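Residue numbers (the numbering used here): 647 to 802.
Remarks on the structure that follows.
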């Protein structure tokens with residue numbers, strides 16, 4: 647499969663992607679736990695069907711020590727017993743924030759559960775991570791970027 651656009655050779659993309667990458671780096675430096683960030687990025691990417699981001703976040707999380715069991719169960723986190731209360735709240739917020747087109751939006755209950763576990767700065771990073779991943783997912787899905795060749799840490 648070939649991508650519809652080559653972001654690396656496009657002058658327009660080059661001007662913009664550097665800012666996207668910079669935003670991603672700033673998120674990595676936020677107070678949101680890295681494990682939570684990777685699990686959320688993976689779940690948002692699963693919902694949006696972004697193979698490139700699923701590949702990247704699965705490999706980065708595994709390289710950081712995340713277990714295969716937890717990575718394999720992210721898609722079914724509600725039924726899995728391997729996630730902590732804070733991780734479950736973050737995954738719930740990620741799903742609600744990613745599926746806003748389904749009409750429910752993010753309920754006060756979902757927000758309250760996340761706010762029980764994360765302070766304002768962490769919530770800010772969580773919301774931006776969810777939004778950022780949806781944007782990146784769309785860049786990749788629309789242009790059919792192929793997945794499978796990512797090496798852990800390649801873009802960091």
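For every residue, glycine included, the Cβ atom is placed at its ideal position computed from N, Cα and C.
Predicted model only: the values in this text are computed from it and were never measured.
Open item on the list: Can you confirm whether the segment 755 to 769 touches the segment 662 to 670 when touching is taken to mean that 3 or more C-beta pairs between the two stretches lie within less than 8 Å?
Closed with: no
Open item on the list: Check for me: the alpha helix (DSSP H) holding residue 763 runs from which residue to which?
Closed with: Residue 763 sits at position 117 when you count from the first residue of the chain shown. Counting along the chain, residue 763 falls outside any alpha helix (DSSP H), and DSSP gives it neither H nor E.
Open item on the list: Quick check on the burial criterion: 16 or more other C-beta atoms within 10 angstroms. Buried or exposed for residue 658?
Closed with: Along the chain shown, one-based indexing puts residue 658 at 12. Classification for residue 658: exposed.
Task: Pairwise C-alpha distance: residue 739 and residue 760 - done: On the chain shown, position 114 is the one that residue 760 refers to. On the chain shown, position 93 is the one that residue 739 refers to. Each residue's alpha carbon lies about 7 Å from the other.
Open item on the list: Along the chain, where does the alpha helix (DSSP H) containing residue 725 start, and where does it finish?
Closed with: Reading the chain shown from its first residue, position 79 is the one you call residue 725. No alpha helix (DSSP H) holds residue 725; DSSP gives it neither H nor E.
Task: Chain-order list of residues whose beta-carbon lies under 7 Å from that of residue 801 (same chain, five-residue window excluded) - done: Walking along the chain shown from the start, residue 801 turns up at place 155. Within the same chain, residue 801 has close Cβ partners 667.
Task: Rounded C-alpha distance that separates residue 745 from residue 719 - done: Reading the chain shown from its first residue, position 99 is the one you call residue 745. Reading the chain shown from its first residue, position 73 is the one you call residue 719. Approximately 19 Å between the Cα atoms of the pair.
Task: Straight-line gap, residue 660 to residue 727 (C-alpha atoms, nearest Å) - done: If you number the chain shown from 1, residue 660 lands on position 14. If you number the chain shown from 1, residue 727 lands on position 81. Roughly 42 Å between the two C-alpha positions.
Open item on the list: By the three-class DSSP mapping on this structure, what secondary structure does residue 756 have?
Closed with: Counting from 1 along the chain shown, the entry for residue 756 is found at position 110. If DSSP states are grouped into helix, strand and coil, residue 756 belongs with the helices.
Open item on the list: If we require 4 or more residues per run, which alpha helix (DSSP H) segments fall completely within the segment 657 to 705?
Closed with: 657 to 674 and 680 to 694
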